[in-house]
Amino acid sequence: MVKFIHCADLHLDRPFQIPSGTSPADSRLFREAAYDSFEKICSKAVSENVDFLVISGDLYHHEERSIHAQWFVKTQMERLNEAGISVYIIHGNHDPLLVNNGRVTMPGNVFVFGTSGEKYLHEKEGESVYLYGFSYPEKAFTASPLDMYEKASGGDFHIALLHGQEGSGGDHEPYAPFQLQSLKNVGMDYWALGHIHERNELSIDPPVVYPGNIQGAHRKEEGEKGAYLVTILKDKTTDITFFPASRIIWKKINISIEQAETMDDLVKVTAALLPDEDEKVFLCTLTFEGRGDLHNYLHENREELLQIFKSEFERKDLFIDTCKYRTSPPFQKIESELTADIQSRAQMLKKENESIIERSRQLFNHTLIRRHADHFTEEDWLEIIETAESELLAAVLEEE
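Take the sequence shown: its position 167, counting from 1, is numbered 167 in the UniProt record's numbering, and each next residue is one higher.
Laid out in structure tokens, this is it:
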């Protein structure tokens with residue numbers, strides 16, 4: 001049997017989207033969130049007495065790692081070393097393996113795979129585990145990586161670490177692109193993937209797994225983040241269990257205005273939907289939706305309402321990041337030819353979202369633009385349409 005933890009995309013020192021008006025103490029909590037998450041993962045490794053920990057790329061967010069980040073990693077590696085736990089690391093597109101970017105020496109239990117692809121034999125109590133991987137030699141590695149994964153003869157278990165993108169890339173850069181079936185054909189017992197920040201089990205037999213990043217840094221990276229505890233038995237029966245490690249959780253909350261006649265009603269409805277969990281801190285996006293009498297009022301007082309919701313609901317473990325408004329006036333008020341035309345055109349644009357997103361993807365893939373802006377998603381596009389529709393309808397109603 002072999003037992004290990006698989007994590008990826010720690011992105012230590014990655015900028016965190018801190019809500020406006022956040023205190024210095026809370027700002028530090030957010031900036032240190034990924035560090036806190038990784039420390040919990042290492043504690044889990046010790047408590048579960050795993051054989052080793054694998055990190056599948058982007059341990060650091062920057063090519064030039066800070067001394068703070070490197071020293072923190074060294075401290076955690078020493079903890080694992082004292083517990084007899086090995087660590088296997090590959091570097092990805094954010095933290096390629098360069099000659100001059102390792103200023104801190106890691107303890108002897110850490111093995112970093114080189115840029116040309118390597119295999120490493122891990123032996124334990126009469127059982128042997130081959131691990132395979134490669135680190136990016138530069139930020140943009142777009143070649144197929146499969147030639148670097150040749151399964152060794154013998155060995156009880158075979159585990160591959162790969163930081164790359166399935167298929168054409170989607171909203172992510174097509175670094176180290178691969179096809180799922182090609183990975184399966186190599187004959188590994190487990191593929192420990194990295195690069196995609198959303199958790200995804202591409203295959204169960206054999207397991208081909210993205211654990212996602214360990215801490216969301218902005219509102220698009222919502223939900224619990226963490227790592228996988230993996231156990232593979234001699235007969236290759238595999239148990240993979242996700243466990244959360246992130247203390248800071250981005251959460252979207254949808255709130256209907258249909259039954260709310262006053263702001264007091266809306267505040268009560270909102271309060272009932274807010275999360276409350278021990279040892280968790282939530283960063284919430286409040287999205288108001290539906291048709292109702294409060295539609296115009298909400299759109300006319302956007303900025304002031306955000307501050308009201310912040311003062312009403314924020315506490316030490318809950319913050320309001322932003323408010324979004326996808327509401328409409330009551331049906332009986334929308335009877336003119338102009339309002340019908342606005343709604344019809346909005347529906348038409350929603351149906352064309354795929355072609356528009358594809359055109360925007362070409363723009364955001366530009367080298368200069370992608371450094372400063374996230375990819376344009378379907379959710380972004382729908383939000384723009386719905387906001388424009390609501391604002392136009394509200395303006396028409398004012399005129400009438």
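Beta carbons are placed, not taken as given, at the ideal position from N, Cα and C, and that holds for glycine. Source: prediction; values computed, not measured.
| query | result |
| --- | --- |
| Establish whether the CB of residue 290 and some CB of chain D are separated by less than 7 Å. | Among the chains in the structure shown there is no chain D, since it carries only a single protein chain. |
| Return the bridge partner residues of residue 226 from the DSSP annotation. | 244 |
| Which one of 117, 12, 106, 206 has the shortest CA to CA distance from residue 60? | 12 |
| Bridge partners for residue 254 per DSSP, in chain order? | 287 |
| Would you report the Cα separation of residue 302 and residue 381, rounded to the nearest angstrom? | 20 Å |
| As a quick exercise: from 259, 245, 286, pick the residue whose alpha carbon is nearest that of residue 6. | 245 |
| To the nearest angstrom, how far is it from the Cα of residue 210 to the Cα of residue 326? | 33 Å |
| Report the option in 111, 144, 142, 138 whose CA atom is closest to the CA atom of residue 130. | 111 |
| Helix, strand or coil: which one does DSSP assign to residue 311? | helix |
| Rounded to whole angstroms, what is the Cα-Cα separation between residue 342 and residue 138? | 49 Å |
| Assuming residue 326 is part of the alpha helix (DSSP H), what are its boundary residues? | Taken as a continuous stretch (DSSP letters only), residue 326 belongs to no alpha helix (DSSP H), being part of the beta strand (DSSP E) at 318–328. |
| Where residue 169 and residue 69 are concerned, what is the direct C-alpha to C-alpha distance, given to the nearest angstrom? | In this prediction, residue 169 has a pLDDT of 49, which is less than 50 and means its spatial position is unreliable; what the coordinates show is noted afterwards. The straight-line gap from Cα to Cα measures roughly 29 Å. |
| Less than 7 Å between the C-beta atoms of residue 134 and residue 148, yes or no? | yes |
| Jot down the residue ranges of each uninterrupted alpha helix (DSSP H) in the segment 19–91, minimum 4 residues, whole runs only, in chain order. | 24–31, 33–47, 67–82 |
| Hey, out of 252, 208, 264, whose CA is closest to residue 284's CA? | 252 |
| Helix, strand or coil: how does DSSP classify residue 350 here? | helix |
| If I follow the unbroken beta strand (DSSP E) through residue 203, where does it start and stop? | 200–204 |
| Quick test of your reading: residue 14 and residue 46, contact by CB under 8 Å. State the CB separation rounded to the nearest angstrom. | The Cβ separation is near 25 Å, so there is no contact. |
| Could you give the distance in angstroms between the alpha-carbon of residue 287 and the alpha-carbon of residue 269? | 12 Å |
| I'd like the list of long-range same chain contacts for residue 241, defined as Cβ closer than 7 Å, with 5 residues on each side in sequence excluded. | 228, 229 |
| Fully enclosed by the segment 99–175, which alpha helix (DSSP H) runs are 4 residues long or longer? | none |
| Here's a check: name, in chain order, each residue in its chain whose Cβ is nearer than 7 Å to the Cβ of residue 433, leaving out the five neighbours to either side. | Here the chain covers residues 1 to 400 and nothing more, so residue 433 does not appear. |
| Report the partner residues of residue 6 according to the DSSP bridge assignment. | 54, 228 |
| Kindly list the residues whose CB is nearer than 6 Å to the CB of residue 127, restricted to its own chain and excluding five residues on each side of it in sequence; keep chain order. | 156 |
| Going by DSSP, what residue range makes up the beta strand (DSSP E) through residue 192? | 190–194 |
| Suppose you measure from the CA of residue 255 to the CA of residue 328; what does that come to, to the nearest Å? | 13 Å |
| At the level of alpha carbons, what is the spacing between residue 218 and residue 154? | 45 Å |
| From what residue to what residue does the alpha helix (DSSP H) around residue 402 run? | This structure does not reach residue 402, given that the chain is present from 1 up to 400, and the question cannot be answered. |
| Between residue 81 and residue 41, what straight-line distance do the alpha-carbon atoms span, to the nearest angstrom? | 14 Å |
| Excluding the 5 residues preceding and the 5 following residue 318 in the sequence, name in chain order all residues of the same chain whose CB lies nearer than 6 Å to its CB. | 282 |
| Taking the C-alpha atoms as reference points, what is the distance between residue 312 and residue 107? | 49 Å |
| Would you kindly report the start and end of the unbroken alpha helix (DSSP H) that includes residue 265? | 263–273 |
| Is DSSP giving residue 239 helix, strand or coil here? | strand |
| Pull up the CB-CB distance for residue 195 and residue 92, whole angstroms please, since I reckon it's below 8 Å. | 6 Å |
| Label residue 123 either buried or exposed according to how many other C-beta atoms from any shown protein chain fall within 10 Å of its C-beta, with 16 as the threshold for buried. | exposed |
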